[in-house]
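Written out below as structure tokens is the structure these notes cover.
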Amino acid sequence: MTFASFVVKKNFMPELSLVVPVYNEEQNLLLLFDAIIKSLEPMGRAWEVIFVDDGSRDGSVSVLGGLFQHDPLHVRVIEFRRNFGQTAAIAAGIDHARGDVIILLDADLQNDPADIPMLLAKLDEGYDLVSGWRRNRKDNALTRNLPSHLANGLISYVTGVHLHDYGCTLKAYRRDALEGFKLYGEMHRFIPVFAHSVGARIAEVEVHHHARKFGKAKYGLERTLKVVLDLFTVKFLLDYSSKPIYLFGGAGLTLMFLGLADLLYLFIRRFWGIPAATSPLLLVGVMFAIMGFQSILMGLIAELLVRTYHESQSKPTYRIRTILESK
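Letter by letter, the sequence shown follows residues 366 to 692 of the numbering used here.
Now the structure itself:
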């Protein structure tokens, strides 16, 4: 069974939107939905769950279609044409969510829907984002847990947003904390960093984590390398996207200084009769000076591109939380 779109229920406006990316989780979906109902129904808050099928090759689409037929009030399904990745699935779910609070949840039953009320309670304390922390993680210690600990420490150090578990999908967000940036590539794990950059207040709570019962993990050690590469992009976007000249100009000035210092050293050596033309340091000095000059020019070009980007899209360079004014 396939379906090209979901039915919009105009008379129902949920307060909570659960976004669940799905990829080959046929055996887990019914159990997951049952756990979601048991978690949310006692709260008495209107909710919806958006399943985003990311090009599954098993029977996940058919199971999701059955869930929609069974409970069209609460279930919405988005089916991708092919596998676009977890970040794309999360972005699609967020774009189509209607609730003021958006909760992300894995479909593999390793996240526990029973923790959702705890996240919402913390959110109600005045936070904009509550992140789950799988303190007692039930994954392979060598191939999953250790790389994850290293990656979390590195991300926290580089970005200044200190969380124990960036890789935990189970997080609760206020809608406005997700505005002002777009997700692409493999950037979903950095949502707290982007949210912090627009002023979100962030908290972290311990959540349960269960061993996988059905299916197999979609990620391995190669994910750590992707995290490191993505971290370069995130750092650049956060610190230099509005003023790239600080990065390129800083690097350029450093290279020019090293190049000129090297040439000055060669010039001074001539007073002791040491020729400069035959020294490899001459080539190094000239190369550093040229590279530094080019880097500064690249920074100026990047400045023009950034200004064109902001002005052509009327994209603001700031985010306002609230305005107090007389009417």
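The beta-carbon is built from N, C-alpha and C at its ideal position, and this holds for glycine as well.
Per-residue DSSP class, three states only, for residue i
i	result
M366	Any answer about M366 is weak, because its pLDDT of 47 lies below 50 and its placement is not dependable; what the coordinates show is given next. In this structure, M366 counts as coil in the three-state DSSP scheme.
L602	helix
V384	strand
S496	strand
V539	The amino acid occupying residue 539 in the given sequence is Arg; Val does not appear at that position. Of the three classes helix, strand and coil, the one that applies to R539 here is strand, per DSSP.
E690	Here E690 scores only 43 on pLDDT, less than 50, and its place in the model is too uncertain to base an answer on.
I685	Reliability fails at I685, whose pLDDT of 45 lies under 50, so the model's placement of it is uncertain and no value is given.
E668	helix
E391	coil
F377	coil
Span of the alpha helix (DSSP H), counted from its first residue to its last, around residue i
i	result
G712	This structure cannot settle anything about residue 712, because the visible part of the chain is limited to 366 through 692.
Y522	511-524
V558	556-562
D460	451-461
A486	481-488
I693	No answer is possible for residue 693: it lies beyond the span of the chain, which begins at 366 and ends at 692.
H553	Unbroken run through H553: none, as it is neither H nor E.
G532	Here G532 belongs to no alpha helix (DSSP H), and DSSP marks it neither H nor E.
G430	425-435
Exposed unless 16 or more other CB atoms sit within 10 angstroms - verdict on residue i
i	result
E406	exposed
E490	exposed
H527	exposed
I443	buried
L499	The displayed chain sequence assigns Arg, not Leu, to residue 499. R499 comes out buried.
S382	buried
D436	exposed
Q659	exposed
K536	buried
P645	exposed
A642	exposed
E569	buried
Y531	buried
W412	buried
G617	buried
T673	exposed
Whole-number beta carbon distance between residue j and residue i, since they are thought to touch under 8 angstroms
i	j	result
G424	E391	4 angstroms
V414	V440	6 angstroms
G465	R540	Per the sequence shown, the amino acid found at residue 465 is Asp instead of Gly. Contact flag correct, Cβ pair sits at about 5 angstroms.
L631	G650	7 angstroms
A542	D493	4 angstroms
Y605	L594	Rounded, the Cβ-Cβ distance is 17 angstroms, inconsistent with contact.
F653	L623	5 angstroms
L548	T452	5 angstroms
E551	I610	The pair is not a contact, with the Cβ atoms about 28 angstroms apart (cut-off 8 angstroms).
V385	L470	5 angstroms
V697	V563	Absent from the structure is residue 697, since the part of the chain shown begins at 366 and ends at 692.
Residue i CB to nearest heavy atom of the ligand SAH below 7 angstroms
i	result
G624	Absent from the structure shown: the ligand SAH. Ligands present: none.
Strand pairing of residue i, partner residues [DSSP]
i	result
F445	None, per the DSSP bridge assignment.
F658	F658 is not bridged to any residue.
N476	H574
E544	Answer by DSSP bridge pairing: none, since E544 is not bridged.
A568	V495
L649	The amino acid at residue 649 is misidentified as Leu; the sequence shows Val. Paired residues: none, contrary to the question.
V440	V414
Delimiting residues of the beta strand (DSSP E) encompassing residue i
i	result
L469	466-469
F416	412-418
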